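**Student:** Following the working numbering, the residues of the sequence shown are numbered contiguously, the last one being 778.
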Amino acid sequence: MMDLPCVQWQDHVAQKWTALDPDQKEHFTSLLEIDDVFKYTLTLTTQDDLDFVQSISAGVQKDTQQAAKCRERGNSSFKIRDYTAAALHYSQGVCFAPLSSEQLSLCYANRSAALYHLQHYQASLDDIDKALKNGYPSHLLHKLEDRRSQCLKHLSADQNAREDHHNPASKNQKGLQNEGPLTFGICPQAAASFSLEKGRHLVATEGVAAGEVILNDRPYSFVLIPGMEEVTGMGGRQNTERGVFRVEHRRCHRCLIETLCPVPCEGCSYSRYCSTSCQRDAWEEHHRWECPLGADLMVMGVMSQLALRVTLKAGLKNIRMARDPIRDKNTKLDRQSSDSDPCHSSHYGDSYLSVFHLLHHLNRHSPALRFLCAVTVATLYLKLSKAGPTPLPWDLGRPSGANGQSTEEEGADRSSELWLLGSAVLRHFLQLRCNAQAIIMLQDIGAANSPVQSSKEIRIATALFPTLSLLNHSCCPNTSLAFSTGASADPSSSVVSAELSESVAEDRSTACGVTVTVRAAKVITPGQEILHCYGPHRSRMATQERQRLLREQYYFLCQCEACSLQQEEEEGTEGRQERTAAGGSLHESSLLCSKCKGSLIKSSGGRGIGFTCSQSSCGHRTSSSEVSNRLQEIRVDLEKAVELMERERPDEALRLLRKTQCQSGLILAETHPLQGELADATARAYATMGDWKNAASHLERSTVAIGSQYGEDSIELGHQLFKLAQLHFNGGARGPALSVIPKVRRLLCLHCGPRSHELQELQAMENCLRG
8 MMDLPCVQWQ DHVAQKWTAL DPDQKEHFTS LLEIDDVFKY TLTLTTQDDL
58 DFVQSISAGV QKDTQQAAKC RERGNSSFKI RDYTAAALHY SQGVCFAPLS
108 SEQLSLCYAN RSAALYHLQH YQASLDDIDK ALKNGYPSHL LHKLEDRRSQ
158 CLKHLSADQN AREDHHNPAS KNQKGLQNEG PLTFGICPQA AASFSLEKGR
208 HLVATEGVAA GEVILNDRPY SFVLIPGMEE VTGMGGRQNT ERGVFRVEHR
258 RCHRCLIETL CPVPCEGCSY SRYCSTSCQR DAWEEHHRWE CPLGADLMVM
308 GVMSQLALRV TLKAGLKNIR MARDPIRDKN TKLDRQSSDS DPCHSSHYGD
358 SYLSVFHLLH HLNRHSPALR FLCAVTVATL YLKLSKAGPT PLPWDLGRPS
408 GANGQSTEEE GADRSSELWL LGSAVLRHFL QLRCNAQAII MLQDIGAANS
458 PVQSSKEIRI ATALFPTLSL LNHSCCPNTS LAFSTGASAD PSSSVVSAEL
508 SESVAEDRST ACGVTVTVRA AKVITPGQEI LHCYGPHRSR MATQERQRLL
558 REQYYFLCQC EACSLQQEEE EGTEGRQERT AAGGSLHESS LLCSKCKGSL
608 IKSSGGRGIG FTCSQSSCGH RTSSSEVSNR LQEIRVDLEK AVELMERERP
658 DEALRLLRKT QCQSGLILAE THPLQGELAD ATARAYATMG DWKNAASHLE
708 RSTVAIGSQY GEDSIELGHQ LFKLAQLHFN GGARGPALSV IPKVRRLLCL
758 HCGPRSHELQ ELQAMENCLR G
């Protein structure tokens, strides 16, 4: 999915497109070179466009009053001993507070108290120092000095404990493999290839075992996605005022590491970092030019901001070198690929050439979408041209005129350079529609004090991975992707200490600490193409819907193994509405006849599309609308039960879930995804009440549905079995826990590798169970 500008800006540009006269539309549509599109769009972009962006942008300037409000919210959380939420509120205050202000010192001091109670003593000491440097009131100094003494005492005790005992985390780690140091690039068993049909792609030159690493890649650049919810606090999901913190509040905007005590940008209240080194590196690479634009970039969308960052990182010299050999050449291959120009098939890896020559598909984007991208970049260009001198990568060290002032000739050169920047940004904006990759992390959800980990995958950033772009799509991929933010802190703390942050600063300065690892999800034979999923997956979406989405965004008709096998059985007169009514054509075999409990099969006749019992002795028919209504009732009850649990009323949730399960059993087999969701919610309710045996029993039922939907070798099943192991462990069921752990280990090693946090926790459980 493309991270387009906000709806208000899209509507504004759509109206602008509608207002063009036919000759202007025809001329714009006829342009086949990106330089020409950018030049012409600049003539159509006016001050009204700049003013409109300004009018819909929310301010990100420093604000003393906002800082005070955040501190008050932190105080409220602190009083109820929700120290994690308190620290995050105080961090918000730190980001809003002007430099060297009393409000900034108060926010640092209060955050040091929250961190102290979370036992992050070094981070607390750091905040005490920052409070003092920013003018903390003298009459309150005794509080900080007392806290400093307590922190030093705890740190001294911790140091002595470490000297007396070996780190238990390093003991008895049998079962965890060691992959050795991380290397980047493609493994020796695979190689890049090219064909007219598939474009540039990756094939196995030798056999690749399941779980084996195929490639590691760093993003050329990425942008954190604002507004993706992360739930914190003791009471589960709450409103924003009380404790829902989003990705941009919890993670470093440069390396994506989680942190409770971010270092704020000195110019705006939005950007924040895990360390001063990340803050400095981001400023040098892109933020010193992004910062003056404030919230305008957020209005323009993640893709335009990422396109700008790619261009800023590349710099004038690299863009000129990339443009000279083949100026804006665009192949017109109809292929199942989103990778580079075949004339430059040797360019991949961490180089700008591999990015520059990705296909931009200029002539395939609809005129309206092309116009939206072009006007967005042109508006950014006009704003940037007024924002001051070009950034360092574009200066090339040229001296300025006398007294540091630019001469008229140098001013003209800079204008020309800025024009190249604008054209490059538009190129990358168009490329990203087919080449952007979501960075996905497993995020804990639900109450912070939950006895069983509940998590889901969320998109936290959008990136451009040069080597990963070699892989073509399949709806049934033979690979699995795992993203990492590099070095991590204590998993239980979500705090990155200053010491740890600085220790990995050198790596992050070049790699941002973010990597993607591609592993074989199954055995791959020599000569077989290595494929991954661009989003539409056979376990989540029907064939026709997958093919439609892939054609609209990537401009190819998917003919992968899953599409070829499923297309015949899914072809027919039914529309999307009927498929949805049945719970998705993928799961129609999980529908039961209400009369005899046989499976229902899709049928059509004089009364329209419906479902007929597969048992010839029964033949009972159910209308599509009846199935749809009953499924909707089950979904509504499930949502109500989840809401009750989030409001800490598990007993009421359990009563509703029992009733709903009785109803669902009349129409859904155990393998239907909705049955799996009901069983998972019921297990969660029992676990909240401390009934581990019943919780485990219901979670086992949910694994049946998960395995049926995603496969017995899927990461989804691995995560569910991990929760089952936790339940058995918490309930003291030694035998069942030890029987599940090997299954979990196999699946997590297969998809995530032996270094994953879940595997370490699993090993600790097994060590404890074995005494």
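By construction, the Cβ of each residue, glycine as well, lies at the ideal position given by its N, Cα and C atoms.
Predicted model only: the values in this text are computed from it and were never measured.
What does the Cβ neighbour count give for H764, buried or exposed, with the cut at 16 atoms within 10 Å?
**Tutor:** Label assigned to H764: exposed.
**Student:** Measuring straight from C-alpha to C-alpha, what distance separates T91 and H124?
**Tutor:** Approximately 9 Å between the Cα atoms of the pair.
**Student:** Among residues of its own chain, excluding the 5 on either side of L162, which ones have a beta-carbon nearer than 7 Å to its beta-carbon?
**Tutor:** Closer than 7 Å at Cβ, skipping near neighbours: Y128 and Q129.
**Student:** DSSP state of K529, grouped into three classes?
**Tutor:** K529 falls in the coil class under three-state DSSP.
**Student:** Note down, in chain order, each residue of its chain lying with its Cβ closer than 6 Å to the Cβ of A385, except the 5 sequence neighbours on either side.
**Tutor:** Cβ neighbours of A385 beyond the five flanking positions: T48, L49 and T52.
**Student:** Could you check the C-alpha separation between R753 and S721 for me, to the nearest Å?
**Tutor:** Roughly 11 Å separates the two Cα atoms.
**Student:** Assuming C482 contacts A569 (C-beta within less than 8 Å), just tell me the rounded distance between them.
**Tutor:** Sure, about 4 Å apart at Cβ, within 8 Å.
**Student:** At a Cβ threshold of 8 Å, is S276 touching chain D?
**Tutor:** Among the protein chains of the structure shown there is no chain D, as only one such chain exists.
**Student:** Grab the span of the alpha helix (DSSP H) containing E255 for me, first residue to last.
**Tutor:** From DSSP, the alpha helix (DSSP H) with E255 extends over V254 to R257.
**Student:** My assumption, with CB atoms under 8 Å, is that L731 sits in contact with A703. Please give the rounded CB distance.
**Tutor:** Rounded, the Cβ-Cβ distance is 6 Å, consistent with contact.
**Student:** By alpha-carbon positions, which one of A527, R665, S64 and C441 ends up nearest to V215?
**Tutor:** Minimum Cα distance to V215 is reached at A527.
**Student:** Cα separation between H435 and L11?
**Tutor:** Near 14 Å, if we compare the C-alpha coordinates of L11 and H435.
**Student:** What residue range is occupied by the uninterrupted beta strand (DSSP E) comprising F229?
**Tutor:** F229 -> beta strand (DSSP E) spans S228 to L231.
**Student:** Taking the alpha helix (DSSP H) that G742 falls in, what are its first and last residues?
**Tutor:** Residues R741 to C759.
**Student:** Could you please give me the residues that DSSP links to S358 through a beta bridge?
**Tutor:** Bridge partners of S358: none, in fact.
**Student:** Looking at C-alpha atoms only, which residue of E292, T474 and R440 is the closest neighbour of H372?
**Tutor:** Of the listed residues, the one whose Cα sits closest to H372 is R440.
**Student:** Contact defined as beta carbons within less than 8 Å: I believe R118 pairs with C262. What is the distance between those atoms, to the nearest angstrom?
**Tutor:** 21 Å between Cβ atoms; not a contact.
**Student:** So, for E248: in the same chain, excluding its five sequence neighbours on each side, which residues have a beta-carbon less than 6 Å away from its beta-carbon?
**Tutor:** Interpretation of E248 is limited by its pLDDT of 46, a score under 50 that renders its predicted location unreliable; the figure taken from the coordinates is listed afterwards. Nothing meets the Cβ criterion.
**Student:** Taking L675 as the reference, which of A116, P195, S601 and H96 has the closest Cα?
**Tutor:** Nearest option by C-alpha distance: S601.
**Student:** Hey, would you say G520 sits closer than 8 Å to T474, going by beta carbons?
**Tutor:** Going by C-beta atoms, G520 is not nearer than 8 Å to T474.
**Student:** Would you check if the region 90–109 and the region 298–317 touch, i.e. whether three or more CB-CB distances between them fall below 8 Å?
**Tutor:** The region 298–317 vs the region 90–109: no contact.
**Student:** What span of residues does the beta strand (DSSP E) with T486 cover, start to end?
**Tutor:** Where T486 is concerned, the enclosing beta strand (DSSP E) stretches over T486 to S491.
**Student:** Assuming contact is defined by CB atoms lying nearer than 8 Å, are V44 and L376 in contact in what I supplied?
**Tutor:** No, these two residues do not count as a Cβ contact at 8 Å.
**Student:** Just grab the DSSP bridge partners of G617 for me.
**Tutor:** G617 is bridged to S610 and S630.
**Student:** With DSSP collapsed to three states, give me the class of Q444.
**Tutor:** Reduced to three states, the DSSP call for Q444 is strand.
**Student:** Here's the rule: buried if 16 or more other CB atoms are within 10 angstroms of the residue's CB, otherwise exposed. What is T779?
**Tutor:** For the chain, the structure presents residues 8 to 778; residue 779 sits outside this window and is missing.
**Student:** Taking all protein chains shown into account, do 16 or more other C-beta atoms lie within 10 angstroms of the C-beta of D224, making it buried, or fewer, making it exposed?
**Tutor:** So D224 ends up on the buried side.
**Student:** Could you work out which residue in L478, K529, K390 and E768 is closest to G206 when comparing CA atoms only?
**Tutor:** That would be L478, whose Cα lies nearest to the Cα of G206.
**Student:** Starting from the N-terminal side, write out each stretch of the alpha helix (DSSP H) that is 4 residues or longer and does not extend beyond the region 692–721.
**Tutor:** List check, alpha helix (DSSP H) in window: 699–717.
**Student:** Any chance the CB of V530 is under 7 Å from a heavy atom of the ligand COA?
**Tutor:** Of ligands this structure carries none, so the ligand COA is not represented either.
**Student:** From which residue to which residue does the beta strand (DSSP E) around R88 run?
**Tutor:** R88 -> no beta strand (DSSP E), and no H or E assigned at all.
**Student:** DSSP three-state label for G322, please.
**Tutor:** In the structure shown, G322 sits in a helix (DSSP, three-state: H, G or I).
**Student:** Tell me whether R656 sits in a helix, a strand or coil according to DSSP, three-state version.
**Tutor:** In the structure shown, R656 sits in coil (DSSP, three-state: anything other than H, G, I, E or B).
**Student:** Tell me L598's beta-bridge partners as DSSP assigns them.
**Tutor:** L598 is bridged to L675.
**Student:** How is V782 classed by DSSP in three states: helix, strand or coil?
**Tutor:** Past the boundaries of the shown model lies residue 782; the chain is included only from 8 to 778, so the question cannot be answered.
**Student:** If you follow the alpha helix (DSSP H) that N774 is part of, which residue opens it and which one closes it?
**Tutor:** That run of the alpha helix (DSSP H) goes H764 to L776.
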